[in-house]
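Colleague: Numbering (this note's numbering), first residue to last: 353 to 498.
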Amino acid sequence: MPARPSRPAARCSKPAAVSARRPWRWPGAARRRISRASTSLQIPWPRPGGNALIGRQLRPLLAEAGFKDVRVRPRMVYVDASRPGLADGFTRKTFIAMIEGVREASVAAGLIEPERFDAGLQALHRTTGSDGVFRYTFFKGVGEKA
Numbered sequence: 353m354p355a356r357p358s359r360p361a362a363r364c365s366k367p368a369a370v371s372a373r374r375p376w377r378w379p380g381a382a383r384r385r386i387s388r389a390s391t392s393l394q395i396p397w398p399r400p401g402g403n404a405l406i407g408r409q410l411r412p413l414l415a416e417a418g419f420k421d422v423r424v425r426p427r428m429v430y431v432d433a434s435r436p437g438l439a440d441g442f443t444r445k446t447f448i449a450m451i452e453g454v455r456e457a458s459v460a461a462g463l464i465e466p467e468r469f470d471a472g473l474q475a476l477h478r479t480t481g482s483d484g485v486f487r488y489t490f491f492k493g494v495g496e497k498a
């Protein structure tokens, strides 16, 4: 039987840099509603707007295109108040702008009510605040020409 730790992990002291206040994140329910609506506009592919699942399909697509030694790796973007350039350039001007761009089509397609979309968008904007946290994962695929 493995030895037990002398102290339960819950009793270990926290590092001084850890704040007692939790960072504000885009709420799960709002994120799921908007994500479902925006992804529904992109699937099934090909359809105007692209392919929301392309990251999951990179390896087979690159292999089918004749590349060898194909590797796909996740690339995460993490943004909080310590990175104001990313909060503005990535979160606001890239990600939020992309989500705002599918509002009309999402509502017109009956995927989400306008009030719910707007509430989720407002919550997403809050991730750029001083207590906000935003994280997104891309996929990068590389291979060698055969």
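The beta-carbon is built from N, C-alpha and C at its ideal position, and this holds for glycine as well.
When the Cα atoms are used, what is the spatial distance from P412 to Q474?
Modeller: One C-alpha to the other measures close to 37 Å.
Colleague: Under DSSP, the alpha helix (DSSP H) around R478 begins and ends at which residues?
Modeller: Taken as a continuous stretch (DSSP letters only), the alpha helix (DSSP H) holding R478 covers P466 to R478.
Colleague: Does the pairing of the region 404 to 419 with the region 434 to 449 give three or more beta-carbon distances under 8 Å?
Modeller: Output reads no: the region 434 to 449 does not touch the region 404 to 419.
Colleague: Using 10 angstroms around the beta-carbon of R374, count the other beta-carbons present and answer buried if the total reaches 16, otherwise exposed.
Modeller: With a pLDDT of 44 at R374, under the threshold of 50, the predicted position of this residue should be treated as unreliable, though the coordinate-derived value follows. It counts as exposed.
Colleague: Counting beta carbon pairs with one atom in the region 467 to 487 and one in the region 426 to 443, are three or more of them shorter than 8 Å?
Modeller: They touch, by the three-pair rule.
Colleague: Name, in chain order, the residues that DSSP records as bridge partners for F419.
Modeller: BP columns for F419 point to K497.
Colleague: Would you check if the distance between the CB atom of D421 and the CB atom of E467 is smaller than 7 Å?
Modeller: No.
Colleague: Measuring only the C-alpha atoms, how far is R425 from T489?
Modeller: Spanning the two alpha carbons is a distance of roughly 10 Å.
Colleague: Is the beta carbon of P466 within less than 6 Å of some heavy atom of the ligand GDP?
Modeller: Within the structure as shown, the ligand GDP is missing, as the structure has no ligands at all.
Colleague: Taking A498 and G437 to be in contact with their CB atoms under 8 Å, please state how far apart those CB atoms are, rounded to whole angstroms.
Modeller: Contact doesn't hold; Cβ gap of about 39 Å is too wide.
Colleague: Quick check on this structure: which residue in K492, V494 and F486 has the alpha carbon closest to the alpha carbon of Y430?
Modeller: Cα-wise, what sits closest to Y430 is F486.
Colleague: So, with DSSP's three-state summary, where would you put D483?
Modeller: Three-state DSSP puts D483 in coil, outside helix and strand.
Colleague: Measuring only the C-alpha atoms, how far is L410 from V494?
Modeller: When rounded, the distance between both Cα atoms is 9 Å.
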